[in-house]
Amino acid sequence: MACACAATWTVHAGTTPDDASTRPQDDLFQAVNGHWLATTPIPADKSGFGVWDIIADENDTRLRAIVDELTASKPAAGTVEQKVALIYRSYVDEKGIDQAGLASVQAALAAIDQITNRRQLAEYLGRQYGVISTPIAMWVDADFKDPTIYSATVWQDGLGLPDRDYYLQNDERFVKARAAYQVYLSTLMKLAGLPDAEKAATAQLALEKRIAQAQWDKVRNRDTKKTYNPMTLAELARRAPGYDWKAYFDAAGIATVRPISVAQPSYAKAIAAMLASQPLSTWKTYAKLRVLDSAADV
13 MACACAATWT VHAGTTPDDA STRPQDDLFQ AVNGHWLATT PIPADKSGFG
63 VWDIIADEND TRLRAIVDEL TASKPAAGTV EQKVALIYRS YVDEKGIDQA
113 GLASVQAALA AIDQITNRRQ LAEYLGRQYG VISTPIAMWV DADFKDPTIY
163 SATVWQDGLG LPDRDYYLQN DERFVKARAA YQVYLSTLMK LAGLPDAEKA
213 ATAQLALEKR IAQAQWDKVR NRDTKKTYNP MTLAELARRA PGYDWKAYFD
263 AAGIATVRPI SVAQPSYAKA IAAMLASQPL STWKTYAKLR VLDSAADV
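Numbered per our numbering, the sequence shown spans residues 13 to 310.
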């Protein structure tokens with residue numbers, strides 16, 4: 013579906029409606045966006061297209077020109093310009109990337125191998141705060157209702173597919189997406205030299221489906237009242253038992269941040285139970301796949 017952002021902006025700016033054949037009082041959306049929707053194709057490399065996509069493309073082109081100029085000018089050692097040029101050259105050095113193989117993620121994979129108990133699992137997940145996707149997302153920001161203090165927000169996360177519907181709905185497109193995702197997981201395992209790739213990919217998809225079943229849908233997540241649930245660490249541990257929340261927050265480096273707002277309390281309870289009950293080996297494989305997935309595009 014094409015984004016109508018550009019046409020909407022022109023009307024806001026005081027120009028005539030985009031579709032002059034439709035009266036705004038009859039169909040405001042069509043009046044504002046009709047011509048744009050009818051005449052603007054979605055580029056083959058995009059799932060949608062609008063003013064923000066145009067701005068992003070133009071910005072990418074300009075940034076590329078700046079970086080190419082820096083690279084060609086051979087900036088002095090130690091300057092910001094040199095650092096930018098070096099990062100860019102390393103990013104596009106496909107031959108060098110292929111030769112390096114898994115070198116850049118070996119330390120991360122080795123850290124997962126060192127996990128031997130549930131407390132260490134909680135500590136590992138805490139250290140991944142802001143690094144990779146895990147079943148528990150968390151950030152620190154101004155409190156939703158009291159901007160004079162900072163609080164930690166705990167949010168659902170950890171799925172490899174875009175949304176819970178991809179795991180729970182049986183429309184053809186979702187079935188195809190799940191099948192393709194399972195192949196992708198198996199491929200990651202094989203390329204990383206991990207054992208039982210097909211079996212592990214099947215188990216991973218089943219685990220993520222259980223995570224998806226516990227998550228709230230988008231409608232519930234838009235309810236700012238339902239997703240604001242401040243509580244102490246002790247209250248969180250009591251309401252979502254089975255997971256070492258203290259170890260998690262300590263490892264994340266925010267042990268002193270209070271209060272904690274748990275956006276989806278029922279999910280926190282369910283995921284804590286899953287982290288306690290699913291085999292440690294299952295979670296270690298999950299963590300490895302999340303590391304590999306986060307690095308796959310580079």
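Even glycine gets a Cβ: it sits at the ideal position worked out from N, Cα and C.
A straight line joining the alpha-carbon of I144 with that of A215 spans about 20 Å. Our two residues, R35 and R74, have alpha carbons roughly 39 Å apart in a direct line. A123 has no beta-bridge partner at all, per DSSP. Using a Cβ distance threshold of 8 Å, Y141 and I127 do not count as a contacting pair. When secondary structure is reduced to three states using DSSP, Y298 falls in the helix class. Counting only residues of its own chain and dropping the five nearest sequence neighbours on each side, K296 has a CB closer than 7 Å to the CB of I124 and I127.
Contact between the segment 256 to 264 and the segment 217 to 228 is absent: fewer than 3 CB-CB pairs across the two stretches fall below 8 Å.
Cβ-Cβ separation between L292 and L133: approximately 7 Å, consistent with a contact (criterion under 8 Å).
Within a 10 Å sphere around the beta-carbon of R76 sit fewer than 16 other beta-carbons, which makes this residue exposed. For the pair Q194 and F186, the Cα-to-Cα distance works out to about 12 Å. Contact between W228 and Q276 holds, with the beta-carbon distance rounding to 5 Å and staying under 8 Å.
Taken atom to atom, the span from the alpha-carbon of K95 to that of A112 is near 20 Å. Pairwise C-beta distances place the segment 232 to 248 in contact with the segment 275 to 290, as three or more of them are shorter than 8 Å. For S278, the enclosing alpha helix (DSSP H) covers residues P277 to S289.
For the pair Y279 and T146, the Cα-to-Cα distance works out to about 14 Å. Under the 10 Å beta carbon count, R232 is surrounded by fewer than 16 other beta carbons and is classified as exposed.
With respect to V274, S163 sits apart: the two C-beta atoms are not nearer than 8 Å.
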